[in-house]
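See structure below.
Numbering (our numbering), first residue to last: 353 to 778.
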């Protein structure tokens, strides 16, 4: 039977060849595939030229063809082989040029001579090609035919939104992006893990919170969404997480909200500290994805970032080396499990109080061994510690931090105490 991690990986593999950008048919195709798994997704489109705070929704861009050929007609670069080969948002061109002129339109990664870089020009019209430094430096003198056939036109910015209703209107936000072409960890791991988290959230029988899950083009997508929904988001969102680069199996990373002390921060640090104590904690100054927008002045939502290896911190980042070999079923499933633990901890997080004066007698309820010797205390220590700290002022996350027991274990302890009518929620 296929593991969940393999299912997530297979979805990423299916999406990998699609040429995504800020706008265009690649984004639509990607969202429609994700919608097959979660039909509740609503796909929205915002017209080019729409004013969104200090920004404007850009023109829509789509590629048809792009290549460079030499004088013999041999194609030395072809978009159909790797969509990173074309500068993102390139306008059309059809010209014969010298090698010297060609090189002014070629982008390489000097520090990684065997990698094709990911380069874009969203807000200034130009054209260009990307290739490895090794290939560029090996090109012989002569004439070269540059061809790019693209559409840059008035169109739409497209994004996906899923809302899941809970008992309350208070919301948990999950946000990920769908605007990078053919990069596995930096792009596809986030939306693919999010897609399967949605399936799990829907399966929860008792959801305390509502959920808002967004699949956006990075930066301009979140700005556009915030410009349309900021009031309700500020009223309802109690915690949020940007999911990016969650597919490798090297480490875990966390970037705090700008304040660093929100519910999202508290639960992320708690779960990661038990799941992967060596996780890397960054500062908000290390931000780089849509947490910038969610924490910006005037917005100030309680949103932090969960990663495996953080964007910008792995050598394959924004290059052709960020391929399907960089992520793994195990890495994807690990991130999925961490996010499940985080969500479950928030769903169960309450301020608890033991409802009898002094320490309750657990033995008569079958919660404490009836034979007392040195070894028996260790068997119930977590329950006794939980009882000691459950004074109605501390929530589950704080008690977990104080007694060194993971929240998911405390949830089971709390349920046993509830069953025996020893615990109240304040």
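The beta-carbon is built from N, C-alpha and C at its ideal position, and this holds for glycine as well. Keep in mind it's a predicted model, so treat the numbers as computed, not measured.
Neighbourhood of residue i by C-beta, 6 Å cutoff - its chain only, sequence neighbours within 5 removed
i: residue 699; result: 560
i: residue 518; result: 559, 560, 561, 562
i: residue 673; result: 467
i: residue 430; result: 419
i: residue 758; result: 626
i: residue 512; result: 383, 393, 395, 567
i: residue 633; result: 606
i: residue 497; result: 421, 448
i: residue 617; result: 608, 609, 656
Buried/exposed call for residue i, threshold 16 Cβ in 10 Å
i: residue 647; result: buried
i: residue 745; result: exposed
i: residue 432; result: exposed
i: residue 652; result: exposed
i: residue 740; result: exposed
i: residue 642; result: buried
i: residue 557; result: exposed
i: residue 645; result: buried
i: residue 306; result: Only positions 353 to 778 of the chain appear in this structure, which leaves residue 306 out of reach.
i: residue 440; result: buried
i: residue 613; result: exposed
i: residue 475; result: exposed
i: residue 599; result: buried
i: residue 448; result: exposed
i: residue 639; result: buried
i: residue 733; result: exposed
i: residue 375; result: buried
i: residue 635; result: exposed
i: residue 574; result: buried
Straight-line gap, residue i to residue j (C-alpha atoms, nearest Å)
i: residue 675; j: residue 492; result: 29 Å
i: residue 755; j: residue 473; result: 52 Å
i: residue 424; j: residue 461; result: 28 Å
i: residue 363; j: residue 620; result: 26 Å
i: residue 785; j: residue 510; result: The structure shown has nothing for residue 785, since the chain only spans 353 to 778.
i: residue 571; j: residue 747; result: 34 Å
i: residue 487; j: residue 454; result: 13 Å
i: residue 568; j: residue 718; result: 52 Å
i: residue 495; j: residue 371; result: 29 Å
i: residue 726; j: residue 393; result: In this prediction, residue 726 scores a pLDDT of 49, lower than 50, which makes its location untrustworthy; no coordinate-derived value is stated.
i: residue 706; j: residue 775; result: 5 Å
i: residue 396; j: residue 736; result: 51 Å
i: residue 609; j: residue 637; result: 10 Å
i: residue 541; j: residue 597; result: 6 Å
i: residue 582; j: residue 615; result: 19 Å
i: residue 399; j: residue 773; result: 57 Å
i: residue 530; j: residue 767; result: 40 Å
i: residue 761; j: residue 524; result: 22 Å
i: residue 697; j: residue 611; result: 21 Å
i: residue 442; j: residue 579; result: 28 Å
i: residue 544; j: residue 357; result: 10 Å
i: residue 765; j: residue 712; result: 14 Å
i: residue 708; j: residue 769; result: 12 Å
i: residue 657; j: residue 594; result: 5 Å
i: residue 477; j: residue 446; result: 16 Å
i: residue 411; j: residue 456; result: 25 Å
i: residue 753; j: residue 622; result: 7 Å
i: residue 716; j: residue 749; result: 29 Å
i: residue 738; j: residue 710; result: 14 Å
i: residue 763; j: residue 702; result: 10 Å
Chain-order list of residues whose beta-carbon lies under 8 Å from that of residue i (same chain, five-residue window excluded)
i: residue 355; result: 681, 685
i: residue 520; result: 560, 561, 562
i: residue 692; result: 549, 552
i: residue 471; result: 439, 440, 459, 480, 482
i: residue 366; result: 385
i: residue 417; result: 431, 432, 499, 500, 501
7 Å Cβ shell around residue i - same chain, five flanking residues per side excluded
i: residue 381; result: 370
i: residue 809; result: The structure shown does not extend to residue 809, since the chain spans only 353 to 778, so no value can be given for it.
i: residue 565; result: 514, 526, 546, 550
i: residue 683; result: 599, 600, 601, 660
### Message
Pairs of beta-carbons, one from the stretch 663-680 and one from the stretch 460-467, closer than 8 Å: are there three or more?
### Response
yes
### Query
Does the stretch 599-608 come close enough to the stretch 581-590 that 3 or more CB-CB pairs lie under 8 Å?
no
### Message
Any contact between the stretch 502-521 and the stretch 607-626? By contact I mean 3 or more CB pairs, one from each, below 8 Å.
### Response
no
### Query
Per the contact definition of three or more C-beta pairs closer than 8 Å, is the stretch 389-408 in contact with the stretch 522-535?
no
### Message
At 4 residues or longer, what runs of the alpha helix (DSSP H) sit wholly inside the stretch 731-762?
### Response
748-755
#### Entry: Length at least 3, wholly inside the stretch 602-679: the beta strand (DSSP E) runs in chain order
605-607, 655-659
### In chain order, each alpha helix (DSSP H) run of at least 4 residues that lies wholly inside the stretch 370-431
377-389
#### Entry: Inside the stretch 521-561 only - beta strand (DSSP E) runs reaching at least 3 residues
523-529
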